[in-house]
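Written out below as structure tokens is the structure these notes cover.
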Amino acid sequence: MIEILKKMFEGIPDKSTIVLEEKCSDCGTVTIIEITATSGGYGLQGGALFKSSTGIYIDKCHSCYKASPKIDDNKKTVSWIKQK
Ligand SMILES: [Zn+2]
Numbered sequence: 670m671i672e673i674l675k676k677m678f679e680g681i682p683d684k685s686t687i688v689l690e691e692k693c694s695d696c697g698t699v700t701i702i703e704i705t706a707t708s709g710g711y712g713l714q715g716g717a718l719f720k721s722s723t724g725i726y727i728d729k730c731h732s733c734y735k736a737s738p739k740i741d742d743n744k745k746t747v748s749w750i751k752q753k
């Protein structure tokens with residue numbers, strides 16, 4: 670997970686925050702996840718981000734993450750990335 674975020678930030682070195690707008694893999698709600706680089710690592714707000722065993726990225730909105738804080742690899746309806 671950390672490597673993914675590192676790569677994302679390396680792609681846009683002038684930004685300290687990345688905003689992802691993705692559909693929640695569970696409920697389909699459009700979820701806006703804000704990723705902030707901090708001195709100790711990365712902070713995610715608004716949702717959670719996962720890498721599946723197939724190498725794709727999956728996001729979950731905050732409420733689905735709370736209900737089930739892991740990914741369901743059977744769902745592969747994932748698109749990626751819309752940066753702002
Ligand atoms: Zn959801």
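In this note's numbering, the protein residues as written are 670 to 753.
We put the beta carbon where it would ideally sit given N, CA and C, even for glycine.
Inset, instruction - Tell me, to the nearest whole angstrom, how far the beta carbon of E672 is from that of T686; I am working on the premise that it is less than 8 Å. - result: Not confirmed; about 19 Å, so no contact.
Legend entry - Cβ-heavy atom distance, T698 to ligand 1, below 6 Å: yes
Inset, instruction - Tell me whether D630 counts as near ligand 1, meaning its Cβ is closer than 6 Å to at least one heavy atom of that ligand. - result: Absent from the model: residue 630. The displayed extent of the chain is 670 to 753, so no value can be given.
Inset, instruction - Would you mind working out which of A706, S737, F719 sits nearest I681, comparing C-alpha positions? - result: A706
Inset, instruction - Note down the Cα distance separating E679 from G710, rounded to an integer number of angstroms. - result: 14 Å
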